[in-house]
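Colleague:
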Amino acid sequence: MTQPRRDSNWWGWGDPAVAPELDAEAKAVLSERIGELEAWPLARSLEDFELPVAEMLPSALSDAVGAENVFAGDEDRLRHASGCGYADLARMRMGSLDAAPDAVLMPADAGALRRVLEICKAEGIAVVPFGGGTSVVGGVEPLRGAHSRLISLDLAALREVTVDRRSLTARLGAGLRGPEAEAALGRQGLTLGHFPQSFEYATIGGFAATRSAGQASSGYGRFDALVASIRLLAPAGDLRTLETPHTAAGPALRELVVGSEGVLGVIPDVTVRVRPAPAVRRYEAWMAESFEVGAEIVRALAQGPGLPTIVRVSDEEETQGSLALSGPRGSAGRLFDGYLGLRKRRGGALLIVGFEGDEESVARSRALSVRALRSGGGAYLGQAAGRSWEHGRYQGPYLRDALIGMGAMVETLETSHTWSRLGELHDAVAAAIHASLERQGTPGLVFCHLSHAYADGASLYFTFISRARRGAELEQWAAVKGAACEAIVATGATITHHHAVGRDHAPYMKAEVGETGLELLRAVKERLDPSGIMNPRKLLG
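Structural data, given as structure tokens:
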């Protein structure tokens, strides 16, 4: 029997055995920049966490999935009561969840899933689809809307892997985690190439539902570009798009389903485009004189002969701060310090570039990239620094949780804009975050890096760290998050490049798509989900 996964921290991110600690130097940097921190221990243990009393559910749901696939214990309800954003983790630390699903259901196949939706539609039971639970924007919070009862629909049992080697496509079950999908494809010499920071725990269904973008999207494409065909089970009926490389038949329904965040229905499987696994992976680091110069180098790559598979540029504050927090040790740190010493100044922007493919394609791509990097004044730091990034590419959330435990507020947000307005966006959002933190008496660090590039623009990924306001952690977070979002909207940028909308960004959807666009999306929801049971109060507000 498949059970809900319990292999990660219930109060935070990932593997309980991974617990990074900051050394004395890193703590000194934090103390200097944001003040002394006061440890923030968990208010409750898993065993004595108090949850709202569960409402009674109809026996028909148990019949639909099998009694062995209904989980109503406190641990499973707790693990399905939140995602992994700062607000979610703060509530966990405070031991004050005011909402939880009445039960967790795990359908074994699409047939059982269809029966569950029919029963919930008839009974007016809210449904929150649940994959890896890695949402950082409130996407899986059990908001009931107008409904008194709610279930979490865990898709972990949907694990199909069917490969069409000739067409280089694969149908993947929504419940497969990133590493599980990659391992299954790897056994046939293939890769999906989708590696977001949430890769270890997020699922195929979640990638599709949130329109995810991975760290290697410059080479492999965002997840929406990898979707060849998709299926949606909605309360009002089922939808599947054709498995064809392209169609001119009207507006693309595939695009309607990808990014729908569970508000229209449930995605049971996705047919994706795959490619041969790369024989060569080469990651290296470079240094640019400034973030502005680094961004210009990336623009030249995006608008020229082609981007590397991976490309990112940290601004000056992130370059200095992230190296300080990790400690300037090892070859990466020595190279960095040596470069700064050579230039006899502090500053600069760190670039990470990565190349994947066969030997010939990697050599060709790297030669073109090096030309652009050197012409932009970039200084080569070597492969050791690139490998250091590779080895730590999924460790950010663990460090975040360690900082939260020390008493810090740590949050991330992302956006994108055109090259013409990217600098304006960077400065406006950073200034808004700094100002909001200062107003609350908690000055902080604001890091940013360019993480995905296109011919017409790029994305920006912000991280801010400050002392948490003890007793007002959620109010503090909401004020800073709101200030950043208002700055994003004011510059005409998108409210999200790859984290999705969820609960946190729903108030900004009108600015994103306009009143008519919002009405259109609500009309689609009303047609597919007439009872409004699917993931209430997400995406559309």
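Quick note on numbering: the sequence shown equals residues -11 to 529 in this note's numbering.
Even for Gly, the Cβ is constructed at its ideal location relative to N, Cα and C.
Small disclaimer: the values here were computed from a predicted structure and weren't measured.
Name the one or two DSSP bridge partners that Arg261 has.
Modeller: Taking the first residue of the sequence shown as 1, we reach residue 261 at position 273. Thr157.
Colleague: Do you know whose CA, among Gly429, Arg427, Val434, Leu527, lies nearest Asp415's CA?
Modeller: Translated into the one-based positions of the sequence shown, residue 415 becomes position 427. Of the listed residues, the one whose Cα sits closest to Asp415 is Val434.
Colleague: Closest by CA to Ile530, which one among Glu106, Arg102, Leu138?
Modeller: Any answer about residue 530 is impossible in this case: the structure gives the chain only from -11 up to 529.
Colleague: How big is the Cα-Cα spacing for Ser70 and Ala87?
Modeller: Within the sequence shown, numbered from 1, the residue matching residue 70 stands at position 82. Within the sequence shown, numbered from 1, the residue matching residue 87 stands at position 99. About 9 Å.
Colleague: Any idea what DSSP makes of Arg317, helix, strand or coil?
Modeller: Within the sequence shown, the letter at position 329 stands for residue 317. Only weak support is given to the placement of Arg317: the predicted model assigns it a pLDDT of 43, under 50, and the question is left unresolved by the model.
Colleague: Could you tell me the distance, in whole angstroms, from the CA atom of Glu143 to the CA atom of Phe118?
Modeller: In the sequence shown, the residue the question calls residue 143 occupies position 155. In the sequence shown, the residue the question calls residue 118 occupies position 130. Residue identity check: residue 143 is Leu in the sequence provided, not Glu. In a straight line, the C-alpha of Leu143 is about 6 Å away from that of Phe118.
Colleague: Contact defined as beta carbons within less than 8 Å: I believe Pro293 pairs with Trp1. What is the distance between those atoms, to the nearest angstrom?
Modeller: Position 305 of the sequence shown, counted from the start, is the residue given in the question as residue 293. Position 13 of the sequence shown, counted from the start, is the residue given in the question as residue 1. Contact doesn't hold; Cβ gap of about 38 Å is too wide.
Colleague: Kindly list the residues whose CB is nearer than 8 Å to the CB of Arg491, restricted to its own chain and excluding five residues on each side of it in sequence; keep chain order.
Modeller: Your numbering for residue 491 matches position 503 in the sequence shown. Once the five neighbours on either side are set aside, the close Cβ partners of Arg491 are Val125, Gly126, Gly127, Glu129, Leu131, Arg525, Lys526.
Colleague: Assess, as a yes-or-no matter, whether the region 433 to 447 is touched by the region 202 to 215 under the definition of 3 or more beta carbon pairs within less than 8 Å.
Modeller: Short answer: they touch.
Colleague: Helix, strand or coil for Arg165, going by three-state DSSP, please let me know.
Modeller: Counted from its first residue, the sequence shown places residue 165 at position 177. Strand, per DSSP.
Colleague: Among Thr297, Arg270, Ser217, which residue has its Cα nearest to the Cα of Thr259?
Modeller: What you label residue 259 is simply residue 271 of the sequence shown in a count that begins at 1. It is Ser217 whose Cα lies nearest to the Cα of Thr259.
Colleague: Looking at Ala190 and Gly166, is the spacing between their C-beta atoms short of 8 Å?
Modeller: Counting from one through the sequence shown, the residue named residue 166 turns up at place 178. Counting from one through the sequence shown, the residue named residue 190 turns up at place 202. In contact: Gly166 and Ala190 (Cβ atoms closer than 8 Å).
Colleague: Roughly how far, in whole angstroms, is the beta-carbon of Glu63 from the beta-carbon of Arg(-6), given that I think they are within contact range, below 8 Å?
Modeller: Taking the sequence shown and counting its residues from 1, one reaches residue 63 at position 75. Taking the sequence shown and counting its residues from 1, one reaches residue -6 at position 6. Glu63 to Arg(-6), Cβ: 7 Å. Contact.
Colleague: Run the CB neighbour count on Arg333, radius 10 Å, all protein chains shown included, and call it buried at 16 or more, exposed below.
Modeller: The residue you call residue 333 lines up with position 345 of the sequence shown. Here the model assigns Arg333 a pLDDT of 43, short of 50, so the residue's position is not dependable, and the following value carries that caveat. Arg333 should be labelled exposed.
Colleague: Would you say the region 27 to 41 touches the region 0 to 18, given that touching needs at least three Cβ pairs under 8 Å?
Modeller: As far as the Cβ criterion goes, the region 27 to 41 does not touch the region 0 to 18, which means the pair count is below three.
Colleague: Starting from the Cα of Arg153, find the closest Cα among Arg81, Arg261, Ala96 and give me that residue.
Modeller: Indexing the sequence shown from 1 puts residue 153 at position 165. For Arg153, the nearest C-alpha among the options comes from Arg261.
Colleague: Quick one: what does DSSP say Leu252 is sitting in, helix, strand or coil?
Modeller: For the purposes of this step, residue 252 is taken as residue 264 along the sequence shown, with counting starting at 1. Reduced to three states, the DSSP call for Leu252 is coil.
Colleague: Would you mind reading off the limits of the alpha helix (DSSP H) that contains Ser136?
Modeller: Residue mapping note: residue 136 aligns to position 148 of the sequence shown, counting from 1. It is not in any alpha helix (DSSP H) - Ser136 carries neither H nor E in the DSSP assignment.
Colleague: Can you tell me where the beta strand (DSSP E) with Trp407 in it begins and where it stops?
Modeller: To locate residue 407, count along the sequence shown from 1; it is residue 419. Trp407 -> not in any beta strand (DSSP E); alpha helix (DSSP H) instead, spanning 407 to 427.
Colleague: Out of Ala7, Ala98, Glu106, point me to the one whose CA is closest to Ala48's CA.
Modeller: Start at 1 with the first residue of the sequence shown, and residue 48 comes out as number 60. Minimum Cα distance to Ala48 is reached at Glu106.
Colleague: So what does DSSP say about Asp436, is it helix, strand or coil?
Modeller: What you label residue 436 is simply residue 448 of the sequence shown in a count that begins at 1. In the sequence under discussion, the amino acid at residue 436 is Cys, which differs from the Asp named in the question. The answer is strand: DSSP assigns Cys436 an E or B state.
Colleague: Got a sec? Which residues, its chain only, sit under 8 Å from Glu463 by beta carbon, not counting five neighbours each side?
Modeller: Within the sequence shown, residue 463 is the residue found at index 475, counting from 1. Here the set comprises Arg457.
Colleague: Nearest-angstrom Cα distance between Leu39 and Pro89?
Modeller: The sequence position of residue 39 within the sequence shown is 51, counting from 1. The sequence position of residue 89 within the sequence shown is 101, counting from 1. Going from the Cα of Leu39 to the Cα of Pro89 covers about 10 Å.
Colleague: Quick one: which unbroken alpha helix (DSSP H) runs of 4-plus residues sit fully inside the region 270 to 299? Chain order, please.
Modeller: Correct list: 279 to 291.
Colleague: Considering only the beta carbon of each residue, do Ile285 and Ala276 sit closer than 8 Å?
Modeller: Start at 1 with the first residue of the sequence shown, and residue 285 comes out as number 297. Start at 1 with the first residue of the sequence shown, and residue 276 comes out as number 288. In this structure, Ala276 lies closer than 8 Å to Ile285 by Cβ.
Colleague: Taking the alpha-carbon positions, what's the Ala418 to Glu426 distance?
Modeller: For the purposes of this step, residue 418 is taken as residue 430 along the sequence shown, with counting starting at 1. For the purposes of this step, residue 426 is taken as residue 438 along the sequence shown, with counting starting at 1. Spanning the two alpha carbons is a distance of roughly 12 Å.
Colleague: For Gly326, count neighbouring Cβ atoms within 10 angstroms of its own Cβ and tell me buried if that reaches 16, exposed if not.
Modeller: Within the sequence shown, the letter at position 338 stands for residue 326. Residue placement at Gly326 is flagged as unreliable, the pLDDT there being 42, under the threshold of 50; the coordinate-derived value follows with that caveat. So Gly326 counts as exposed.
Colleague: Taking Leu178 and Arg263 to be in contact with their CB atoms under 8 Å, please state how far apart those CB atoms are, rounded to whole angstroms.
Modeller: Counted from its first residue, the sequence shown places residue 178 at position 190. Counted from its first residue, the sequence shown places residue 263 at position 275. Going by Cβ atoms, the distance from Leu178 to Arg263 rounds to 7 Å, so yes, they are a contact pair.
Colleague: When the Cα atoms are used, what is the spatial distance from Trp407 to Gly73?
Modeller: What you label residue 407 is simply residue 419 of the sequence shown in a count that begins at 1. What you label residue 73 is simply residue 85 of the sequence shown in a count that begins at 1. Cα-Cα distance, rounded: 29 Å.
Colleague: Assuming Leu227 and Leu241 are in contact, meaning their beta carbons sit under 8 Å apart, how far apart are those beta carbons, in whole angstroms?
Modeller: Translated into positions along the sequence shown, residue 227 becomes position 239. Translated into positions along the sequence shown, residue 241 becomes position 253. With a Cβ gap of about 7 Å, Leu227 and Leu241 count as contacting.
Colleague: Under the rule that 16 or more other beta-carbon atoms within 10 Å means buried, what is Val41, buried or exposed?
Modeller: Taking the sequence shown and counting its residues from 1, one reaches residue 41 at position 53. Counting Cβ neighbours within 10 Å, Val41 comes out exposed, since fewer than 16 surround it.
Colleague: Can you check DSSP and say which residues form a bridge with Val512?
Modeller: Stepping through the sequence shown from its first residue, residue 512 is reached at position 524. DSSP, once it has assigned bridges, lists no residue as partnering Val512.
Colleague: Contact defined as beta carbons within less than 8 Å: I believe Ala499 pairs with His405. What is the distance between those atoms, to the nearest angstrom?
Modeller: Counting from one through the sequence shown, the residue named residue 499 turns up at place 511. Counting from one through the sequence shown, the residue named residue 405 turns up at place 417. 14 Å between Cβ atoms; not a contact.
Colleague: For Leu508, does the count of other Cβ atoms within 10 angstroms reach 16, so buried, or fall short, so exposed?
Modeller: Mapped onto the sequence shown, residue 508 falls at position 520. Leu508 is exposed by the Cβ-count criterion.
Colleague: Taking the alpha-carbon positions, what's the Arg317 to Val116 distance?
Modeller: Numbered from 1 along the sequence shown, position 329 holds the residue referred to as residue 317. Numbered from 1 along the sequence shown, position 128 holds the residue referred to as residue 116. Caution applies to Arg317, whose pLDDT of 43 falls short of 50 and renders its modelled position unreliable; the value that the coordinates give is listed next. Spanning the two alpha carbons is a distance of roughly 44 Å.
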